[in-house]
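Student: Mapping of the sequence shown onto the working numbering: residues 2 to 316, in sequence order. The C-beta atom is built at its ideal place from N, Cα and C for all residues, glycine as well. In this text the structure is predicted, and so the values were computed from the model without any measurement. Okay, handing you the structure first.
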Amino acid sequence: MSQPFLDRILGGVSRDAFRRQHWEKEPLITHGPLSRFSPLPELVDLGTVEALTNRYRSPIMVLGKLAIRETEGISDRVSVLPGRALDLYREGATLEFDCLDMFVPEVRGVLEQLSKDLGVPDGTFGKAIGYLSAKGSGVSPHFDAYVNFVLQLRGTKKWSLLKNTTAEYPLEHYALDELPFVPEELATYWSNKPPANYFAEAKDVVLKPGDLMFVPRGVWHATEAGEESFSVNFNFSVPTWLEVALASLRLKMAGIPALRALADSTPSNQDGARAALAAVLGSPDADALLRLRTEEYDRYQVAGAVFRQLLKLDS
Ligand SMILES: [Fe+2]
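So, in structure tokens, the structure goes:
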């Protein structure tokens with residue numbers, strides 16, 4: 002297939018139209034033959050629970066009700082060893098294979114190609130996640146801080162989507178069942194009007210093999226597999242201007258001894274830090290602060306990826 006991967010999955014939608022109408026705005030769903038996801042469908046051995054757990058060679062995340070049971074109500078996600086993941090999957094769980102690109106070269110190839118086609122800026126962290134869902138399992142309503150391309154490879158999965166009028170351009174993941182708790186930073190732009198009756202308000206979409214769905218950052222979503230389902234999601238944590246500016250500010254401030262001093266309450270220590278801060282913030286240099294850098298900005302995602310790399314067992 003000579004057509005770039007992005008154009009194949011966008012169907013008839015041009016890259017320009019995708020940028021204008023979908024990138025930070027609306028979900029996009031396109032339909033087509035499974036073969037347009039080449040080389041992913043050729044991974045015939047991938048997509049069964051035994052094959053994936055063998056290939057993955059790392060602890061596996063279990064999502065949903067069975068994770069709540071396993072953690073005695075503490076969390077709806079829990080990381081378990083492959084044997085336990087197999088048991089829970091057979092009991093009806095959804096399994097998440099985070100950073101699947103680290104384990105499957107074909108998936109890594111698609112991630113790199115998509116990243117190139119999209120022209121994501123320097124500092125973007127991209128990864129692929131495989132979701133294997135037993136019939137009836139899924140995830141509860143939440144939104145993510147990354148953009149997401151969902152490629153449905155096997156089975157069907159229902160997505161319940163809802164526009165986010167509660168927290169525009171979110172900087173973090175948030176699940177509706179965390180209410181009434183709202184993290185401190187999210188609270189600075191939280192409208193106080195979260196969905197009251199999520200599934201009545203949401204729009205349902207059922208993805209079939211060969212379907213692509215693009216989910217912009219921040220769109221509320223919940224999923225439920227109609228039958229055993231396998232999908233691969235490619236997501237990109239694109240830096241926000243806030244992250245770009247803060248990274249630059251940190252570099253500027255790191256050179257100042259008074260700010261590298263340990264924060265304690267002695268007056269002279271505080272005065273030194275106050276004076277240094279005033280010197281930096283009092284003379285803003287917007288161009289210098291808005292310079293993109295090559296390292297990834299999403300430290301949470303990067304730390305997770307590094308952790309998985311370290312856990313990888315020798316083949
Ligand atoms: Fe999500």
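1) Going along the chain, which residues put their C-beta within less than 6 Å of some heavy atom in ligand 1?
2) Can you give me the Cβ contacts of E97 inside the same chain, cut-off strictly under 8 Å, excluding the 5 residues immediately before and after it?
3) Step through the CB atoms of chain C and report whether any lies within less than 8 Å of the CB of V206.
4) For W160, count the other beta carbons within 10 Å of its own beta carbon; 16 or more makes it buried, fewer makes it exposed. Which is it?
5) Determine, using beta carbons only, whether G139 and E229 come nearer to each other than 8 Å.
6) For the putative contact between A86 and T49, defined by C-beta atoms under 8 Å, what is the C-beta separation to the nearest angstrom?
7) Give the secondary structure of I10 by DSSP, where H, G and I count as helix, E and B as strand, and everything else as coil.
8) Under 8 Å, do F144 and N165 count as touching if we go by C-beta distance?
9) Tell me the rounded alpha-carbon separation between E51 and L247.
10) At what residues does the alpha helix (DSSP H) containing N55 begin and finish?
11) Quick one: Cα of D88 to Cα of A94, how far?
12) How long is the line joining the alpha carbons of A195 and W221, rounded to whole angstroms?
13) Any idea what DSSP makes of N193, helix, strand or coil?
14) What did DSSP end up calling I257 once you bin it into helix, strand or coil?
15) Measuring only the C-alpha atoms, how far is P240 from G124?
16) Taking K209 as the reference, give the member of V245, R251, S76 and I30 with the closest Cα.
17) Taking only runs that begin and end inside the segment 134 to 193, name each unbroken alpha helix (DSSP H) of 4 or more residues, in chain order.
18) Measuring only from the beta carbon, is L293 closer than 7 Å to any heavy atom that is part of ligand 3?
19) Are P34 and G227 touching if we call contact CB-CB under 8 Å?
20) Out of E297, L263, A259 and D288, state which residue places its alpha-carbon closest to the alpha-carbon of A280.
21) Is the CB-CB distance between R56 and V105 below 8 Å?
22) List the endpoints of the continuous alpha helix (DSSP H) containing I75.
23) Tell whether a beta-carbon distance below 8 Å holds between Y147 and R218.
24) Is the segment 183 to 193 in contact with the segment 106 to 122, if contact means three or more CB pairs nearer than 8 Å?
25) Compute the beta-carbon to beta-carbon distance between G127 and F235, rounded to the nearest angstrom, for a pair I have assumed lies under 8 Å.
26) Can you tell which of G256, K204 and E296 has the C-alpha that lies nearest to the C-alpha of E244?
27) Are there 16 or more other CB atoms within 10 angstroms of the CB of K158, so buried, or fewer, so exposed?
Tutor: Taking the definition as stated:
1) Cβ-based neighbours of ligand 1 within the cut-off: H143, D145 and H222.
2) For E97, same chain residues with a beta-carbon under 8 Å away, outside a window of 5 residues either side, are I61, M62, V63, L64, R78, I130, G131 and Y132 in chain order.
3) Protein chain content of the structure displayed is limited to a single chain, and chain C is not contained in it.
4) W160 should be labelled buried.
5) At the C-beta level, G139 and E229 stay beyond 8 Å of one another.
6) Separation of the CB atoms of A86 and T49 is rounded to 13 Å, and the pair is thereby denied contact status at 8 Å.
7) Residue state, collapsed to three classes: helix.
8) A contact, by the Cβ cut-off of 8 Å.
9) E51 and L247: Cα-Cα distance of roughly 44 Å.
10) N55: member of the alpha helix (DSSP H) spanning V50 to Y57, first to last residue.
11) Near 9 Å, if we compare the C-alpha coordinates of A94 and D88.
12) A quick correction: the sequence has Pro, not Ala, at residue 195. C-alpha of P195 to C-alpha of W221: approximately 10 Å in a straight line.
13) Reduced to three states, the DSSP call for N193 is coil.
14) In the structure shown, the three-state DSSP call for I257 is coil.
15) Between P240 and G124, the C-alpha separation is close to 7 Å.
16) Just measuring C-alpha positions, the residue of V245, R251, S76 and I30 sitting nearest K209 is I30.
17) The segment 134 to 193 contains these whole alpha helix (DSSP H) runs: 185 to 188.
18) Ligands displayed in this structure: ligand 1; ligand 3 is not among them.
19) Going by C-beta atoms, P34 is not nearer than 8 Å to G227.
20) Selected option, being the one with the closest Cα: A259.
21) Yes.
22) Neither: I75 is in no alpha helix (DSSP H) and is coded neither H nor E.
23) R218 sits close to Y147, with the two beta carbons spaced by under 8 Å.
24) No, the segment 183 to 193 is not in contact with the segment 106 to 122.
25) Confirmed, Cβ separation roughly 7 Å.
26) Comparing Cα positions, the closest option is E296.
27) The residue in question, K158, is buried, as its Cβ has 16 or more Cβ neighbours within 10 Å.
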